[in-house]
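As given, the protein sequences belong to chains G and Z, one line each in that order.
Per our numbering, the very first residue in the first sequence carries number 2; after that it's consecutive.
Per our numbering, the very first residue in the second sequence carries number 323; after that it's consecutive.
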Amino acid sequence: MNIFIQCVINGVALGAVYTIMALSYTILFGTLKIANFAQGDIYMIGMLLGFTFYVTASMPFVVALILAVIITAAVLLLIERAIYRPILKVSSMYLFIATIGMATFLRNAAQLVFGSESYSFPHLFGSDPIQITESLSIIPQNIVIIVVCVILVVALFLFMRKTKTGLAMSAVSMNPFAASLMGVNYSQITTITYTIAAAMAAIAGVFTGPLYNVSTTVGATLGLKALIAAVMGGFGNSAGAIVGGMILGLVEALGSTYISSAYKDAFAFIMLLIILFLRPQGILGRKSVSKV
Amino acid sequence: MSETILKVSGVSAHYGSINAVKDASLEVNQGEVVTVIGANGAGKSTLMKCIVGVMPKSGGTVEYMGQDITKTPSDKIVRMGIAMVPEGRQIFSELSVLENLKMGAYTRTKKEDLAADYDLVFGIFPRLKERAGQKGGSLSGGEQQMLAVSRALMSRPKLLLIDELSMGLAPVLVESLFDALMDINKKGTTIVLVEQDANMALKFSNRAYVIENGTVALSGKSSDLMADDRVRELYLGG
């Protein structure tokens with residue numbers, strides 16, 4: 002029983018990471034109908050920048066975090082303006098391919114800057130596990146990640162429901178044409194949406210740094226799994242991203258313990274196939290009905 | 323004679339290689355109700371989209387209150403006081419009635435009190451007040467049209483363009499919507515109505531333009547056009 006509870010604790014922490022990243026995909030797809038496959042590598046850039054400022058430059062953590070978020074957002078906005086936007090004018094299919102190419106480009110560009118070795122990011126509150134009971138424990142960094150995830154989810158929810166800009170983003174997601182007739186500037190909404198997506202990925206990157214080896218390849222698998230979480234939950238649906246992220250974290254933690262940790266990465270894909278077979282629109286996704 | 327609020331001169335627009343609007347010109351004076359009638363696909367909607375800046379023009383100019391808005395982006399045009407009720411209503415289906423209205427007031431940057439505007443639109447359409455918390459997509463077609471008109475009014479437009487008010491609605495309902503528009507017009511909003519239902523549109527407007535194959539084929543006082551043989555034959559069912 003204790004092993005099970007331990008797995009659930011680990012799974013929730015892992016799920017929190019997937020949730021933040023799944024939300025960063027979802028906000029882009031939900032609002033602008035854009036699937037940015039480079040999102041995992043944006044996360045990697047956030048992590049490496051956080052590492053550079055916090056460890057290499059010995060800045061205070063909060064300063065390092067803020068700088069990492071700002072620069073990561075600037076990078077994604079530059080990519081959007083210089084590459085995604087012109088390509089989108091041609092076709093959204095081309096953009097889809099371009100984002101895949103961008104993922105590889107970012108990984109290799111980061112390798113030029115940061116080298117191909119991996120670094121270790123110090124834990125913020127020490128790496129000693131906190132004993133809950135004799136056989137149950139949690140490492141402080143996992144608590145940090147769960148708290149960060151909750152804060153981001155609440156902040157995003159309040160932003161979308163309570164602010165004028167959030168409302169405009171919902172309006173754009175439902176009907177971009179009508180939104181433009183209301184005087185919504187689509188380009189401005191695009192910039193805000195990409196900024197939020199980049200900021201979320203960078204925050205996830207900086208806070209998960211201590212859990213992984215910091216390297217240029219850290220975003221590839223994680224980005225793909227978070228995308229799976231978002232699609233499982235119902236792509237474009239924020240609540241779905243949370244459900245998908247948590248399910249994926251739990252399945253991975255439980256599967257690694259009870260089945261085999263060798264198949265850790267396979268569980269995500271098996272889950273995706275099962276869920277899409279049973280519910281093609283995702284767990285919380287709506288079937289798209291086209292009205293005449 | 324009252325002053326011109328909108329002047330469209332020689333506007334053309336293309337969908338790919340299809341020339342949807344050809345050299346169309348029209349003028350609207352302050353306080354008027356002007357209708358644009360024509361068959362399905364004649365280019366009426368495209369012309370409206372050209373005016374509000376959501377459709378690129380391949381030629382011609384648009385002037386609004388003496389200012390050239392030919393190349394002005396749509397968000398600025400809305401700020402300048404032109405609002406459009408689009409064809410097919412285009413309600414934000416997952417937003418509540420109240421949130422739809424809030425979106426209509428999107429350009430109102432000052433922390434103005436919207437209460438007076440809610441009172442105004444709920445006064446015109448009491449049904450919407452009862453439905454204020456409901457999702458836009460759950461409303462009936464007529465209620466959605468009321469919401470679409472109200473939403474456009476929330477930006478406090480000086481010029482209101484309405485594309486196919488009557489489409490898909492019962493005649494009784496259309497009549498009461500037209501009555502509401504007359505009310506809105508009396509309060510000072512200039513209205514341009516695009517309609518396939520020429521009967522109703524001519525009855526309620528001061529002047530009319532007939533669009534055929536993307537260009538203005540005929541124009542004049544609505545009462546005169548109602549008596550015109552060609553208009554009677556083609557648009558009023560003989």
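Quick reminder that beta carbons are idealized off the backbone N, C-alpha and C, glycines included.
Every value quoted in this text rests on a predicted model; they were computed, and no experiment measured them.
Can you name the start and end residues of the alpha helix (DSSP H) that residue i belongs to?
i	result
residue 517 of chain Z	No alpha helix (DSSP H) contains residue 517 of chain Z, which is instead part of the beta strand (DSSP E) from 512 to 517.
residue 454 of chain Z	From DSSP, residue 454 of chain Z is part of no alpha helix (DSSP H); its letter is neither H nor E.
residue 80 of chain G	62 to 80
residue 11 of chain G	3 to 33
residue 472 of chain Z	463 to 475
residue 166 of chain G	165 to 175
residue 209 of chain G	187 to 209
residue 47 of chain G	40 to 52
residue 557 of chain Z	551 to 557
residue 95 of chain G	93 to 115
Let me confirm a value: residue i is counted as buried when at least 16 other C-beta atoms fall within 10 Å, else exposed. Which label applies?
i	result
residue 340 of chain Z	exposed
residue 226 of chain G	buried
residue 509 of chain Z	exposed
residue 559 of chain Z	exposed
residue 275 of chain G	exposed
residue 306 of chain G	Residue 306 of chain G is absent from the structure shown; chain G starts at 2 and stops at 293.
residue 492 of chain Z	exposed
residue 86 of chain G	exposed
residue 422 of chain Z	buried
residue 407 of chain Z	buried
residue 306 of chain G	Residue 306 of chain G is absent from the structure shown; chain G starts at 2 and stops at 293.
residue 222 of chain G	exposed
residue 256 of chain G	buried
residue 64 of chain G	exposed
residue 132 of chain G	exposed
residue 91 of chain G	exposed
residue 268 of chain G	buried
residue 105 of chain G	exposed
Could you please give the first and the last residue of the uninterrupted beta strand (DSSP E) stretch that includes residue i?
i	result
residue 533 of chain Z	529 to 534
residue 328 of chain Z	326 to 337
residue 215 of chain G	Careful: residue 215 of chain G lies outside any beta strand (DSSP E) and carries neither H nor E.
residue 434 of chain Z	Segment: none, residue 434 of chain Z is in no beta strand (DSSP E) and carries neither H nor E.
residue 358 of chain Z	355 to 360
residue 406 of chain Z	404 to 407
residue 482 of chain Z	481 to 485
residue 541 of chain Z	537 to 543
residue 342 of chain Z	340 to 351
Do you know offhand how far residue i's Cα is from residue j's?
i	j	result
residue 292 of chain G	residue 459 of chain Z	Caution is warranted here: a pLDDT of 47 is assigned to residue 292 of chain G, below 50, making its placement in the model unreliable, and the coordinate value is therefore given only provisionally. Rounded to the nearest angstrom, the two C-alpha atoms are 11 Å apart.
residue 28 of chain G	residue 239 of chain G	7 Å
residue 199 of chain G	residue 40 of chain G	8 Å
residue 438 of chain Z	residue 467 of chain Z	21 Å
residue 111 of chain G	residue 103 of chain G	12 Å
residue 342 of chain Z	residue 532 of chain Z	15 Å
residue 264 of chain G	residue 194 of chain G	35 Å
residue 204 of chain G	residue 148 of chain G	12 Å
residue 552 of chain Z	residue 371 of chain Z	27 Å
residue 385 of chain Z	residue 32 of chain G	33 Å
residue 166 of chain G	residue 185 of chain G	9 Å
residue 145 of chain G	residue 201 of chain G	15 Å
residue 523 of chain Z	residue 515 of chain Z	7 Å
residue 115 of chain G	residue 49 of chain G	8 Å
residue 281 of chain G	residue 23 of chain G	18 Å
residue 454 of chain Z	residue 25 of chain G	32 Å
residue 297 of chain G	residue 79 of chain G	This structure does not reach residue 297 of chain G, given that chain G is present from 2 up to 293, and the question cannot be answered.
residue 69 of chain G	residue 160 of chain G	22 Å
residue 242 of chain G	residue 230 of chain G	6 Å
residue 273 of chain G	residue 66 of chain G	33 Å
Looking only at C-alpha atoms, which of the options sits nearest to residue i?
i	options	result
residue 391 of chain Z	Z:366, Z:434, Z:330	Z:330
residue 88 of chain G	G:107, G:75, G:35	G:35
residue 517 of chain Z	Z:368, Z:333, Z:328	Z:368
residue 188 of chain G	Z:491, Z:395, Z:371, Z:483	Z:395
residue 415 of chain Z	G:162, G:45, G:175	G:175
residue 363 of chain Z	Z:503, Z:344, Z:374, Z:352	Z:344
residue 387 of chain Z	Z:547, Z:405, Z:352	Z:352
residue 142 of chain G	G:42, G:75, G:150	G:150
residue 549 of chain Z	Z:473, Z:536, Z:432, Z:525	Z:525
residue 246 of chain G	G:7, G:237, G:233	G:233
residue 486 of chain Z	Z:366, Z:338, Z:327	Z:366
residue 44 of chain G	G:259, G:139, G:208	G:208
residue 328 of chain Z	Z:335, Z:334, Z:336, Z:347	Z:347
residue 472 of chain Z	Z:336, Z:332, Z:451	Z:451
Inset, instruction - Determine contact between the stretch 241 to 254 of chain G and the stretch 14 to 22 of chain G, defined as no fewer than three beta-carbon pairs at a distance below 8 Å. - result: yes
Inset, instruction - Say whether the stretch 475 to 490 of chain Z touches the stretch 427 to 434 of chain Z, bearing in mind that this needs 3 or more beta-carbon pairs closer than 8 Å, one atom from each stretch. - result: yes
Legend entry - Three-pair Cβ contact test at 8 Å for the stretch 351 to 364 of chain Z versus the stretch 372 to 380 of chain Z: no
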